[in-house]
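Asker: Numbering (this note's numbering), first residue to last: 1 to 260.
1. Looking at C-alpha atoms only, which residue of 36, 75 and 93 is the closest neighbour of residue 25?
2. Pick from 171, 95 and 252: whose alpha carbon is nearest that of residue 240?
3. Below 8 Å on the Cβ atoms is my contact criterion, and I expect residue 58 with residue 18 to pass it. Report the Cβ-Cβ distance as a whole number of Å.
4. Measure the alpha-carbon distance for residue 137 versus residue 196 and round it to whole angstroms.
5. Determine the DSSP secondary structure at residue 197, reduced to helix, strand or coil.
6. In angstroms, rounded to a whole number, what distance separates the CA positions of residue 165 and residue 4?
7. Comparing C-alpha positions only, which one of 220, 170, 246 and 149 sits nearest to residue 233?
8. Ignoring anything shorter than 4 residues or poking outside the region 99-186, list the alpha helix (DSSP H) runs there in chain order.
9. Can you tell me the Cβ-Cβ gap for residue 198 and residue 254, rounded? I've got them flagged as a contact below 8 Å.
10. Decide if residue 215 is buried, meaning its Cβ has at least 16 other Cβ atoms within 10 Å, or exposed.
11. For the structure I just gave you, are there three or more beta carbon pairs, one from the region 118-130 and one from the region 45-54, closer than 8 Å?
12. Three or more C-beta pairs under 8 Å: does that hold for the region 169-176 against the region 124-132?
13. Just to confirm, is the Cβ distance from residue 69 to residue 167 under 7 Å?
14. Does the structure place the region 82-96 close enough to the region 25-39 that three or more beta carbon pairs sit under 8 Å?
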């Protein structure tokens, strides 16, 4: 009897990280459903909710890895499930959200523009899938302190931050072109070889100061903070990569492996 109970507990323990991943998938699917249902209506609060669900999906995505490591239940099955979840949650869901947000209200008046918007959103989804595939085959072959290209979770959060900050759906051509530019630019950053700092960077006093500043700005700017954060995040990363090319080494550049 005890042996049977232990086996059940062991199976339950191994199922826990996958359950957390499924919660992440539920958030991504919920975002898709809300985006589609809201497209004919254009309710800003629903678009903002769909974007917030993507952020929540990212929280569960980080949590499933933490749970797997804490319970020592890492598995090849979990890795595959997590990768599939990432494609939907941080590729398809934000692509559909920005398509509905940026172009659904312009269908009758500007059908060509809507098709262009759909193509731009597909570019984002395709780049996200390529980014994940490259990450999966390069595990252990790159410096863990840096990501090669913008992580897909950060890319999804970046475009979702725009909806959180300005939830009113786009209603003019200038705004639609800006959404297209956003999707293509973030997609390009995901498949680029630009090195983005990861959470495995050594912690310093400057990091804690930056965290305190972010908290203050969040209180002051509220929903606009997230868009500002990604502008700074991308800008600082680009400047850092340019500085490395110029020979600056005050922040250690990534190690280059022979098979990269």
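Virtual Cβ for every residue (Gly too), placed ideally from N, Cα, C.
Answerer: Taking the geometry as given:
1. One-based indexing of the chain shown puts residue 25 at position 25. Ranked by Cα distance from residue 25, the first of 36, 75 and 93 is 93.
2. Along the chain shown, one-based indexing puts residue 240 at 240. Closest option to residue 240, Cα to Cα, is 252.
3. Residue numbering aside, residue 58 sits at position 58 when the chain shown is read from its first letter. Residue numbering aside, residue 18 sits at position 18 when the chain shown is read from its first letter. The pair is not a contact, with the Cβ atoms about 17 Å apart (cut-off 8 Å).
4. Here residue 137 refers to the residue found at position 137 of the chain shown. Here residue 196 refers to the residue found at position 196 of the chain shown. If you take the alpha carbons of residue 137 and residue 196, they lie about 18 Å apart.
5. Here residue 197 is taken as the residue at index 197 of the chain shown, counted from 1. When DSSP states are grouped into helix, strand and coil, residue 197 belongs to the strand group.
6. For the purposes of this step, residue 165 is identified with residue 165 of the chain shown, where counting begins at 1. For the purposes of this step, residue 4 is identified with residue 4 of the chain shown, where counting begins at 1. Their Cα atoms are separated by approximately 52 Å.
7. Walking along the chain shown from the start, residue 233 turns up at place 233. With distances taken between CA atoms, residue 233 lies nearest to 149 out of 220, 170, 246 and 149.
8. Runs found: 111-137 and 152-165.
9. Position 198 of the chain shown, counting from 1, holds the residue named residue 198. Position 254 of the chain shown, counting from 1, holds the residue named residue 254. Wrong, their Cβ atoms sit about 10 Å apart, outside the cutoff.
10. Locating residue 215 in the chain shown gives position 215, counting from the first residue. So residue 215 counts as exposed.
11. Contact between the region 118-130 and the region 45-54 is absent, because fewer than three Cβ pairs lie under 8 Å.
12. Flag = no, the region 169-176 and the region 124-132 do not touch.
13. Position 69 of the chain shown, counted from the start, is the residue given in the question as residue 69. Position 167 of the chain shown, counted from the start, is the residue given in the question as residue 167. Not closer than 7 Å, so no.
14. In this structure the region 25-39 touches the region 82-96; the number of beta carbon pairs closer than 8 Å is three or more.
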